[in-house]
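Peer 1:
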Amino acid sequence: MRPFVFVNLAMSADGKLSTIERRQIKISGNDDFSRVDMIKSDADAIMVGIGTVLADNPSLTVKSPDNIAKRKNKGLDQNPLRIVIDSNAKTPPDADILHKGEGPRIIAVSDKAPQEKIEALNEYADIFVGGEEKVDLETLMEALSEYGVKTLMVEGGGTLIWSLFKSGLVDEIYTCVGNCIIGGENAPTPVDGEGFIKEDEFPKLELLSLKKIDDGALMRWKVVKDKKH
Ligand SMILES: NC(=O)C1=CN([C@@H]2O[C@H](COP(=O)(O)OP(=O)(O)OC[C@H]3O[C@@H](n4cnc5c(N)ncnc54)[C@H](O)[C@@H]3O)[C@@H](O)[C@H]2O)C=CC1
Ligand SMILES: Nc1nc(O)c(N)c(N[C@@H]2O[C@H](COP(=O)(O)O)[C@@H](O)[C@H]2O)n1
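Okay, so the sequence shown: first residue is 3 according to my numbering, each after it adds one.
This is how it looks when you write it as structure tokens:
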């Protein structure tokens with residue numbers, strides 16, 4: 003058993019998540035930010051990689067008072083469970099994700115994470131330990147399911163999204179294409195990592211919807227399971 007996993011990302015018209023300096027930038031507009039807040043507030047949990055925490059210092063909180071009120075009325079915490087994939091326990095103890103907003107957090111580390119760093123983070127978050135070098139995402143998903151997580155939103159970055167696709171752990175992906183060009187051959191893209199080589203390994207997608215949003219476009223894709231092309 004694992005949660006339903008959907009990725010949400012914003013990329014430039016030339017397919018970049020950020021600049022070569024990995025600096026956080028606004029790619030999508032206000033309507034998209036409202037949409038993201040809504041789907042985040044409907045999710046049981048939200049996940050990012052440590053690369054994103056170090057680059058952007060996100061809080062991953064629900065921002066709109068209406069969305070917060072809706073969660074509270076359902077008896078939920080103000081924010082979904084926030085999860086960082088962090089093999090070496092490098093999350094800074096003063097990171098916004100650990101301090102801003104109410105609600106539980108999990109830092110997922112691998113067996114090689116230093117014990118003293120785990121203990122420091124354990125003051126603010128539960129710790130999941132699994133995987134020799136990198137976090138074992140499959141085992142983590144099973145643990146999240148047992149924890150009651152039915153829907154999991156993944157906010158990036160490209161390295162984590164690659165691992166999830168490689169392990170067949172993505173069900174849907176929202177791609178917001180903003181009206182800008184970033185460029186840079188080493189700038190992060192939605193799916194980085196090693197990349198698939200053979201055509202029959204490419205995850206196949208079905209387009210569920212396509213619409214204009216702000217001055218860009220929003221696509222919602224379903225990952226087609228067990229179909230090779
Ligand atoms: N435009 C957008 O929607 C978003 C953009 N970003 C951008 O993405 C960039 C950060 O992305 P990345 O550097 O790719 O970092 P990332 O956020 O994908 O984190 C990857 C890191 O997680 C750790 N990790 C542990 N276990 C892992 C596993 N099993 N699989 C994969 N990673 C594992 C590794 O240390 C790895 O380097 C930043 O520039 C950020 O601004 C991030 C989120 C959303
Ligand atoms: N959906 C979306 N659109 C953009 O234009 C973006 N730049 C991002 N970036 C990611 O969203 C996260 C926001 O964190 P906060 O909760 O607002 O602190 C952060 O991880 C950015 O990388 N997303």
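From the three backbone atoms N, C-alpha and C, an ideal C-beta is built for every residue, glycine too.
Identify the continuous beta strand (DSSP E) that holds F6 and give its terminal residues.
Peer 2: Start at 1 with the first residue of the sequence shown, and residue 6 comes out as number 4. From DSSP, the beta strand (DSSP E) with F6 extends over F6 to M13.
Peer 1: Just to confirm, does R107 get its C-beta within under 6 Å of one of the non-hydrogen atoms of ligand 1?
Peer 2: As a working mapping, residue 107 is identified with position 105 in the sequence shown. Not under cutoff, so the answer is no.
Peer 1: Which residues mark the beginning and the end of the alpha helix (DSSP H) in which E118 is found?
Peer 2: Locating residue 118 in the sequence shown gives position 116, counting from the first residue. Looking at the DSSP string, the run of the alpha helix (DSSP H) that includes E118 is Q117 to L123.
Peer 1: To the nearest angstrom, how far is the alpha carbon of N69 from that of D39?
Peer 2: Taking the first residue of the sequence shown as position 1, residue 69 is located at position 67. Taking the first residue of the sequence shown as position 1, residue 39 is located at position 37. Straight-line Cα distance between these residues: approximately 8 Å.
Peer 1: Which whole-angstrom value is the C-beta distance of R73 and P190, which I expect to be below 8 Å?
Peer 2: Sequence index remark: in the sequence shown, residue 73 carries index 71 (1-based). Sequence index remark: in the sequence shown, residue 190 carries index 188 (1-based). Their Cβ separation, rounded to whole angstroms, is 30 Å, which puts R73 and P190 out of contact at 8 Å.
Peer 1: Measuring straight from C-alpha to C-alpha, what distance separates K229 and K18?
Peer 2: By 1-based counting over the sequence shown, the position of residue 229 is 227. By 1-based counting over the sequence shown, the position of residue 18 is 16. Per-residue confidence for K229 stands at a pLDDT of 49, beneath the threshold of 50, marking its modelled position as unreliable; the derived number appears in the next sentence. Answer to the nearest angstrom: the Cα atoms are 28 Å apart.
Peer 1: Helix, strand or coil for R25? Go by DSSP, reduced to three states.
Peer 2: The residue you call residue 25 lines up with position 23 of the sequence shown. Coil.
Peer 1: Considering only the beta carbon of each residue, do Y126 and L100 sit closer than 7 Å?
Peer 2: For this step, residue 126 is matched to residue 124 along the sequence shown. For this step, residue 100 is matched to residue 98 along the sequence shown. Yes.
Peer 1: Hey, how far is the Cα of E148 from the Cα of A45?
Peer 2: Reading the sequence shown from its first residue, position 146 is the one you call residue 148. Reading the sequence shown from its first residue, position 43 is the one you call residue 45. Roughly 16 Å between the two C-alpha positions.
Peer 1: Of all the beta strand (DSSP E) runs that stay within the bounds of the stretch 150 to 195, which reach a length of 3 or more residues?
Peer 2: Listed in chain order, the complete beta strand (DSSP E) runs (minimum 3 residues) inside the stretch 150 to 195 are 153 to 156 and 174 to 179.
Peer 1: Would you give the residue range spanned by the alpha helix (DSSP H) that E148 belongs to?
Peer 2: Position 146 of the sequence shown, counting from 1, holds the residue named residue 148. From DSSP, the alpha helix (DSSP H) with E148 extends over L139 to E148.
Peer 1: For S169, collect the residues of the same chain with a Cβ closer than 7 Å to its Cβ; drop the 5 residues on either side in sequence, then sort them by chain order.
Peer 2: The residue labelled residue 169 in the question sits at position 167 within the sequence shown. Excluding positions up to five away in sequence, the list reads L139 and E140.
Peer 1: Are M13 and P192 close, meaning C-beta to C-beta below 7 Å?
Peer 2: Walking along the sequence shown from the start, residue 13 turns up at place 11. Walking along the sequence shown from the start, residue 192 turns up at place 190. Their beta carbons are under 7 Å apart, which means M13 touches P192 by this criterion.
Peer 1: Is W223 helix, strand or coil by DSSP?
Peer 2: Mapped onto the sequence shown, residue 223 falls at position 221. Residue state, collapsed to three classes: strand.
Peer 1: If you reduce the DSSP assignment to three classes, tell me which class E208 lands in.
Peer 2: On the sequence shown, residue 208 is found 206 positions in, with the first residue counted as 1. Here E208 sits in strand by DSSP.
Peer 1: So, for L166: in the same chain, excluding its five sequence neighbours on each side, which residues have a beta-carbon less than 6 Å away from its beta-carbon?
Peer 2: For the purposes of this step, residue 166 is taken as residue 164 along the sequence shown, with counting starting at 1. For L166, where only same-chain residues beyond five positions count, the Cβ hits under 6 Å are V172.
Peer 1: Considering just the uninterrupted stretch of the alpha helix (DSSP H) at F198, what are its terminal residues?
Peer 2: One-based indexing of the sequence shown puts residue 198 at position 196. Segment: none, F198 is in no alpha helix (DSSP H) and carries neither H nor E.
Peer 1: Give me whichever residues DSSP pairs with I87 in a beta bridge.
Peer 2: For the purposes of this step, residue 87 is identified with residue 85 of the sequence shown, where counting begins at 1. Answer by DSSP bridge pairing, in chain order: G51 and A110.
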